[in-house]
Structure formats: C-alpha cells, structure tokens
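Note sheet for the following structure.
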Amino acid sequence: MKSSKKRLPLLMILLVCINVIVNAQLQEAKKAIAESNARYFESFVKNDSSIFINSYAEDACILAPDAPAACGREAFARFFRLAYQEYGLRNGKFITTNVYGDGKEYVTEEGYWQSFNAKGELFDDGKFLVLWKKTASGWKMFRDSFSSNHAVK
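As numbered in my numbering, residues 15 to 167 make up the sequence shown, in order.
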C-alpha cells in the first residue's frame, strides 16, 4: 500500500508533463494554421496560384461539394483558376472556431469562411473542416472539405 502512495505523486507529475507537451504541440499547430489561413486568400488578391498550391500537402485533396475529389498540384491549380476566373474570387476570410487533435501528426480545423469578389462584396459563405498534416515543410492542408450556406443556383 505504501509503494502505491509513493507512486501517485510521480504519476501526477508525469501526467502534467504530458499535458504540457501535448498543449505546446497543439499551440504550434494552431499558430501555423492561423499563419497559413492569413496567406491563403493572398493568392486570390495577387492572382498567384503558387501561394494557394503551397498551402496543401503533396498528397492532399480538396473535397468540394458537388464535385469529385481534386488531388495533387495540377488539380489544385485547376481549382484555383476556376475559383478566380469563373467565380470571381478575389479575397476571403477564414474564421476558425476550433482545432482538434494532439498536434503531433494531424489536427482538424473547424470553422466558417467568406468569399469576396473584386468589388469587395461578400458573394458566398459557408463552413469547413480541414484535416491538417505535419510535413517536413510545416503544417499543410491534407483534406479540405467545405460547403456553402446557400443553395446552388
């Protein structure tokens, strides 16, 4: 009985240390996601698809509604051109409401988005879930799934 009482404080210290490490990893992921999200719509402001494409992991997929999965750099470039040329996307905003996970290899971001045209007018908004992957070059989007809050016209 005495040996288990002696182990309890050590176990508590170990649990606190693990919690601190996991929290630090998650905070690092949240910071990287916020930085990536801030750059994401720059690609549309500048009409520079490389910023958009570099937000995604090499093996990522965009899971847009009413369309097959768009996987790989060439598909990301087509997606960018479609958003820019056909939909008139020129700027936007991500509002992250939560990030789930331990920050080790993958985390999931949940939130809302807004899309603006060349006049700065809001033309679409919706919600998203993004599975982020820690890669050799930092946190990148691995699965990007989103939908509009509005019916297709």
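We put the beta carbon where it would ideally sit given N, CA and C, even for glycine. On a predicted model such as this, the values are computed, not experimentally measured, just so you know.
Determine the contact status of residue i and residue j, defining contact as a CB-CB distance below 8 Å.
i    : j    : result
Y120 : W146 : yes
F142 : N105 : no
S63  : F94  : yes
Near residue i, what residues of its chain come up, given a Cβ to Cβ distance below 7 Å and the 5 sequence neighbours on each side ignored?
i    : result
L103 : F58, A97, S129
N61  : Y98
Which same chain residues, not among the five before or five after residue i, have their C-beta less than 6 Å away from its C-beta?
i    : result
C31  : Only weak support is given to the placement of C31: the predicted model assigns it a pLDDT of 48, under 50, and the value that follows is read from those uncertain coordinates. Excluding residues within five positions, none has a Cβ falling inside 6 Å.
D158 : I76, V144
R87  : I67
I109 : G125, Y126
P79  : S161
Kindly indicate which residue of the options has the alpha-carbon position closest to the one of residue i.
i    : options               : result
T111 : N61, E135, N68, G140  : G140
Y70  : F156, G134, A165      : F156
K107 : R87, R92, E135        : E135
N37  : G117, K133, N131      : G117
Q39  : R95, K148, S162, F160 : K148
N163 : S151, F137, T122      : F137
G125 : S161, N131, P79, E100 : S161
E100 : S151, N131, A150      : N131
Our contact map puts residue i next to residue j with C-beta atoms below 8 Å; I'd like the distance itself, whole angstroms only.
i   : j    : result
C75 : A83  : 4 Å
K43 : W153 : It should be pointed out that residue 43 corresponds to Ala in this sequence rather than to Lys. Sure, about 6 Å apart at Cβ, within 8 Å.
A91 : I67  : 6 Å
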